[in-house]
Amino acid sequence: MNICDAHCHLANLAEIMPLQPLLDAAAEQNITHFLSSALRKNELDCYQKLTQRTGSKVLYSAGIHPFFEACDLEFADLETLCKQAALWAIGEIGLDRGNPEYAVMKDIFVRQLEMAMDYRLPVVLHIVGYQQQAFDILRSYPIRYLIHGYAGSLQAFKTFTRLDSYFTISERILREDKRDLLKAMLKSRRFLFESDITQYYVHEGEANPLLRVKAVLNKVAELFSVNPEILIKMQAANYKLLTGQDI
Ligand SMILES: [Zn+2]
0 MNICDAHCHL
10 ANLAEIMPLQ
20 PLLDAAAEQN
30 ITHFLSSALR
40 KNELDCYQKL
50 TQRTGSKVLY
60 SAGIHPFFEA
70 CDLEFADLET
80 LCKQAALWAI
90 GEIGLDRGNP
100 EYAVMKDIFV
110 RQLEMAMDYR
120 LPVVLHIVGY
130 QQQAFDILRS
140 YPIRYLIHGY
150 AGSLQAFKTF
160 TRLDSYFTIS
170 ERILREDKRD
180 LLKAMLKSRR
190 FLFESDITQY
200 YVHEGEANPL
210 LRVKAVLNKV
220 AELFSVNPEI
230 LIKMQAANYK
240 LLTGQDI
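Numbering (numbering that gives the first Met the number 0), first residue to last: 0 to 246.
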């Protein structure tokens, strides 16, 4: 069965590495599906082409990020993409404690949630700090959420599961001190796996960072003595719930 990378930034990566051979090599390892996030205007052309690609299936979302300086997407861009039915979701959007202007950040976040409501799209969330505030905002919307790379407290995780929410497991929570959170995420069965790969995260000499998602998956399987195929099946079921498509 095929594997999905449920959160990545392929167009961002494409600026430093030719994507085609990386995607082909990933497909040989059964990594065939990607939920990628656009955050800059100059990535949009790349996504137009990537979504037409055969051999792997790339779906993309777009959003105004709470704490990524290079993000230059505007509401008008998102509106156009929504009208074209180009996006599988809005995001990644959210709250980040690194942003000192809470009121502005919250306003931008809420406007994008409203847009997701208007176009009946899921939302990819980036929540760093402000977990209670995020929950208080999100609970007002009957939206399906994909909370990416969550590494906050176990208690806040449990609160987020009261929403129609799914979570991507990243390298970040493979650490020993996050084991309870990882366990709870697995138990919830609402997980997918991600690399969150961008050009900024590529290691020196790393041949293909698209293979990382499989390493995360295998590591989780090893930590909990689970057959990786079971994790892959669960991820596929959650992918279907989020995107309406089969892997
Ligand atoms: Zn990301």
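Backbone N, C-alpha and C define an ideal beta-carbon position, used for all residues, glycine too.
Just so it is clear, the structure is predicted and the values come from calculations on it, not from any experiment.
* Asked: Do Glu91 and ligand 1 come close, with the Cβ less than 7 Å from some heavy atom?
  -> Relative to ligand 1, Glu91 has its C-beta within less than 7 Å of a heavy atom.
* Looking only at DSSP bridge pairs, what is Asp176 linked to? -> For Asp176, which the question treats as bridged, DSSP gives no partner whatsoever.
* Beta-carbon separation (whole angstroms), Asn237 vs Leu162, contact threshold 8 Å -> Contact doesn't hold; Cβ gap of about 14 Å is too wide.
* **Secondary structure of Leu49, DSSP reduced to three states** => Of the three classes helix, strand and coil, the one that applies to Leu49 here is helix, per DSSP.
* Apply the 10 Å Cβ neighbour rule to Thr79 and answer buried if 16 or more other Cβ atoms are within range, or exposed otherwise. => exposed
* Does the distance from the CB of Gly62 to the CB of Gln111 come in under 8 Å? -> yes
* Whose CA, out of Ile168, Ile196, Ala84, lies closest to the CA of Lys218? -> Ile168
* For Phe156, count neighbouring C-beta atoms within 10 Å of its own C-beta (all shown protein chains included) and say buried if the count is 16 or more, exposed if not. => By the 10 Å Cβ count, Phe156 comes out buried.
* Asked: For Arg174 versus Gly128, is the C-beta spacing smaller than 8 Å?
  -> no
* Expressed to the nearest angstrom, what Euclidean distance is found between the alpha-carbon atoms of Cys70 and Asn1? -> 31 Å
* Asked: Would the C-beta of Ser36 count as close to ligand 1, meaning under 7 Å from any of its heavy atoms?
  -> yes
* **Helix, strand or coil at Thr31 according to DSSP, with G and I counted as helix** => strand
* Asked: How big is the Cα-Cα spacing for Ala26 and Gly54?
  -> 7 Å
* How many Å lie between Pro227 and Thr197 at the Cα? -> 25 Å
* To do: Ignore the nearest five residues each way along the sequence and tell me which others in Ala235's own chain have a CB closer than 6 Å to its CB.
  => Ile246
* **Assigned secondary structure, Ile196 (DSSP; H/G/I helix, E/B strand, else coil)** => coil
* **Close-in-space but distant-in-sequence residues of the same chain around Gly151 (CB under 6 Å, 5 per side omitted)** => Gln130
* Asked: Per DSSP, which one or two residues make a beta bridge with Tyr165?
  -> Leu145
* In whole angstroms, what is the alpha-carbon distance linking Asn29 and Ser139? -> For Asn29 and Ser139, the distance between alpha carbons rounds to 38 Å.
* Check each candidate in Leu145, Ile229, Ile15, Lys82 and name the one with the smallest Cα separation from Tyr118. => Lys82
* To do: Output the boundary residues of the alpha helix (DSSP H) element that contains Val109.
  => 101-118
* Just the C-alpha distance for Val201 and Asp4, rounded to the nearest angstrom, thanks. => 16 Å
* **Cutoff 6 Å; reference Tyr149; Cβ partners in own chain excluding five residues on either side** => Phe166
* Going by the C-beta, is His6 closer than 7 Å to any heavy atom of ligand 1? -> yes
* Short Cβ contact (8 Å threshold) for Leu49 with Trp87 -> For Leu49 and Trp87, no; Cβs fall outside 8 Å.
* **Supposed contact pair Pro65 and Gly90 - C-beta distance, whole angstroms, cut 8 Å** => Between Pro65 and Gly90 the Cβ distance is about 11 Å, and since that is not below 8 Å, they are no contact.
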